[in-house]
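Residue numbering for the sequence shown is 0 to 257, as defined by numbering that gives the first Met the number 0. Using N, Cα and C, we set each Cβ at its ideal position, and we do this for glycine too. What you are looking at is a predicted structure, and each value in this text was computed from that prediction instead of being measured.
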Amino acid sequence: MNKVISKDGTPIAFDRQGDGPAIIMIGAGPTDRSANANLAELLAKEFTVFNYDRRGRGDSGDTAPYAADREFEDLEALITEAGGSAMVYGTSGGAIMALEAAARGLAISKLALWEPAYIVDDSRPPVPADYRDRLVALLAEGRRGDMIELFFTDAVGMPVEFVTPMRGAPFWQAMEAVAPTLVYDATITGDFSMPTDRLASVAVPTVVIDGGTTPWLSTTAAAVAAALPHAQRRTLEGQPHNVDPSAILPALTEFLAT
Numbered sequence: 000m001n002k003v004i005s006k007d008g009t010p011i012a013f014d015r016q017g018d019g020p021a022i023i024m025i026g027a028g029p030t031d032r033s034a035n036a037n038l039a040e041l042l043a044k045e046f047t048v049f050n051y052d053r054r055g056r057g058d059s060g061d062t063a064p065y066a067a068d069r070e071f072e073d074l075e076a077l078i079t080e081a082g083g084s085a086m087v088y089g090t091s092g093g094a095i096m097a098l099e100a101a102a103r104g105l106a107i108s109k110l111a112l113w114e115p116a117y118i119v120d121d122s123r124p125p126v127p128a129d130y131r132d133r134l135v136a137l138l139a140e141g142r143r144g145d146m147i148e149l150f151f152t153d154a155v156g157m158p159v160e161f162v163t164p165m166r167g168a169p170f171w172q173a174m175e176a177v178a179p180t181l182v183y184d185a186t187i188t189g190d191f192s193m194p195t196d197r198l199a200s201v202a203v204p205t206v207v208i209d210g211g212t213t214p215w216l217s218t219t220a221a222a223v224a225a226a227l228p229h230a231q232r233r234t235l236e237g238q239p240h241n242v243d244p245s246a247i248l249p250a251l252t253e254f255l256a257t
């Protein structure tokens, strides 16, 4: 494990593997860098991979007060560590963060996006306007498990009857440990609407990939690719949102290595 110090003094933990062009991985949801560890190991055969814990997760620090700008300062510190420029892979909400980073002008040479989680039509319920406020209230009451459930039902769009049994799963406790960062994600994503004009300013070569099994995410992937000036689309038929690393690896390698 390595660490860089962000602009506000927060230590940001990351694993560095491999040798080759630099790629930084941005995770999302109630996870730490372990969620991308298997894919990072595969990518490290051809790239120098920086797989990091976003602030408030895993081994990274969490300096108060939070502001979305701090997340992009963290990413900028990693880009500096990588040599001043890097490719970026973002998944779900992490893909939204990657796009926002490129729109802000960070030194990103290529973007690879897995199922960015904007909501672009009525094929699923919208995220309630008070979603972030409810997360903040639950956090103040120490109800981290309820924060995770709210994320899955209101942000991901899963039926509550599917989510409730998950509370007994081994991974639930690990998600509760990083539940406060759901507030951070909600700060960055807002109402999950797609900022079409802002995306049009992102001139970075981009590949937008989906798995074809979640219709609203496939619709979003097509919309994101259409909004970006230099984007291509890939669909990995039959892949769920929790994509198999070995399934996405060829698409990533083909795009990032050329």
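- In the three-state reduction of the DSSP assignment, residue 167 falls in the helix class, which pools H, G and I.
- The residue among 120, 42 and 78 with its C-alpha nearest the C-alpha of residue 105 is 78.
- Taken through DSSP and simplified to helix, strand or coil, residue 196 comes out as helix.
- In this structure, the CA atom of residue 231 is about 11 Å from the CA atom of residue 250.
- Proximity of the region 6 to 23 to the region 65 to 84 meets the contact definition, three or more beta-carbon pairs being nearer than 8 Å.
- Contact between the region 201 to 217 and the region 167 to 185 is absent: fewer than three C-beta pairs spanning the two stretches fall below 8 Å.
- For the pair residue 111 and residue 254, the CB atoms are nearer than the 8 Å cut-off.
- Per DSSP, residue 86 is one residue of the beta strand (DSSP E) stretching across 85 to 90.
- The alpha-carbon of residue 128 is positioned some 7 Å away from that of residue 190.
- Non-local C-beta neighbours of residue 202 in its own chain, meaning closer than 7 Å and more than five positions away in sequence, comprise 228 and 229, ordered along the chain.
- Put simply, of 20, 116, 137 and 38 the residue whose alpha carbon is nearest the alpha carbon of residue 45 is 20.
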